[in-house]
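Below: one structure, written as C-alpha cells.
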Amino acid sequence: MKYAQVHLGSILVVMLALCPWLAWGGESDQPALSLANVYHENIDLGEYWVSEKLDGVRAFWDGDAFHSRRGNRYAAPDWFLEGLPGVPLDGELWMGRGTFDELSGVVRRLAPDDEAWRTIRYMVFDLPSHPGTFDERLVRLKALIEGLEAPHVDVVHQFRVADEAELMAALAMVVHQGGEGLMLRHGRSPYRPGRSDDLLKLKTHEDAEAVVVAHLPGKGKYEGMMGSLLVELPDGRRFRLGSGFTDEDRRVPPAVGATVTFKYHGKTANGIPRFASFLRIREEI
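Residues in the sequence shown are numbered consecutively from 202, following my numbering.
Structure below.
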C-alpha cells in the first residue's frame with residue numbers, strides 16, 4: 202500500500218509537470234493561469250510577441266465550461282459553447298474597448314442573457330495544454346481556431362516590434378484608440394502558471410487594488426458625501442484615495458471591506474501610490 206501511494210504521487214507530479222494547467226488551487230478550484238509581471242527594460246524585445254491588452258474578463262476554457270481566475274463557472278448560453286474544442290484555452294471574454302463594467306455584469310449573471318452574450322467574443326491568447334513554446338503554441342492555436350465553427354471565437358492578434366521606440370508607438374496608438382495597453386509574451390517560453398517575465402504588461406499607468414477601511418467626509422461641494430476613502434494595500438500601508446469618483450460614487454461609495462481598483466503613477470519613498478485615482482469596485486467573479 203505504501204508503495205502504491207508513492208507511485209500514485211509520483212504519477213501526479215509528472216502529470217502536473219507536463220500539463221501545468223491541471224494544477225488547481227484552493228477551495229474554489231482556481232485554474233493555474235499564467236500571470237503578468239510589469240514591463241521593464243531589461244529584456245530582449247526581439248524575443249517577445251506583442252498584443253493589445255484587452256479590457257475584458259479572463260476566461261479559462263477547460264474543454265467543457267468557462268471559469269474565472271477564481272475558479273467560478275461562467276453561465277454561458279449553450280450556443281456560445283457549441284463548437285469549442287475539447288482542449289483547454291486561455292483567453293478573455295470581451296465586448297470591446299471601454300465596456301468592462303457592462304461585460305462584468307453580463308458574465309456574473311447566474312442565468313445567461315442570450316441577447317447580451319451575442320455581443321461578447323472569446324478572444325484566445327494561449328493553449329495551456331500544449332507542451333511547446335509560445336511560438337509553437339501560437340501556430341497550433343491559429344490552426345485550431347480557424348477550424349472551429351464558432352464565429353464569436355478568435356485569436357488575439359500578435360505582432361513583433363523592432364525596438365522600444367516601436368513598442369511605445371504601438372502603446373500610444375492603442376491608448377489613443379481607447380485601449381488599455383499592451384501584453385508581451387516570450388516566444389520561447391512554455392505555458393508557466395504564476396507570474397514571470399514570460400508574460401509582461403505595459404500600460405501608460407500602473408494599477409493596483411486596496412481594501413476600503415473607512416469613508417472620510419467631504420468638504421465644500423462634497424459636504425454630506427464621501428470625500429475620500431481610507432484604503433489599505435496588501436502590504437498593510439494605508440492612504441487616502443480621493444480622486445476618480447463620480448458624484449454618484451460619492452453619494453453611494455464602495456462599502457467598507459470592498460476591494461477597489463485604482464490607477465497611479467509611481468510610488469513615494471514610503472511606498473504610497475502617487476496620483477492615485479479610483480477606477481472601479483472589484484467584482485468577485
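Even for Gly, the Cβ is constructed at its ideal location relative to N, Cα and C.
- Look at Asp355 here: in three-state DSSP terms it is strand.
- The continuous stretches of alpha helix (DSSP H) do not include Val325, which lies in the beta strand (DSSP E) extending over residues Arg322 to Asp327.
- Residue burial is scored here from C-beta neighbours: His466 has fewer than 16 other C-beta atoms within 10 angstroms and is therefore classed as exposed.
- Sequence-distant Cβ neighbours of Gly443 in its own chain, meaning closer than 6 Å and more than five residues away, are Ser429.
- In summary, Trp280 is exposed, with fewer than 16 beta-carbon neighbours lying within 10 Å of its beta-carbon over all protein chains present.
- Residue state for Arg361 is assigned as coil, using DSSP reduced to three classes.
- In the structure shown, Asp448 falls within a helical segment according to DSSP collapsed to helix, strand and coil.
- Contact annotation: Glu410 and Thr462 have beta-carbon atoms nearer than 7 Å.
- The Cβ neighbour count for Arg274, taken over all protein chains shown within 10 Å, is under 16; the residue is labelled exposed.
- By DSSP's assignment, Pro474 forms a beta bridge with Lys468.
- Positions of the alpha helix (DSSP H) runs, each at least 4 residues long and wholly inside the segment 345 to 428, are given as 365 to 377 in order along the chain.
- A Cβ-Cβ distance of about 6 Å is found for the pair Gly382 and Lys402, placing them in contact under the 8 Å criterion.
- Ranking Ser390, Gly445, Arg396 and Arg310 by CA distance to the CA of Asn238 puts Arg396 first.
- When secondary structure is reduced to three states using DSSP, Asp336 falls in the helix class.
- By the beta-carbon neighbour count (other beta carbons within 10 angstroms, threshold 16), Glu293 is buried.
- Counting other Cβ atoms within 10 Å of its Cβ, Ala277 reaches 16 or more and is therefore classed as buried.
- In terms of Cβ geometry, Glu350 and Gly284 form a close pair [threshold 7 Å].
- When the five nearest sequence neighbours on each side are left out, the beta carbons in the same chain lying within less than 6 Å of the beta carbon of Trp295 are those of Leu255, Gly257, Arg322 and Met324, in order along the chain.
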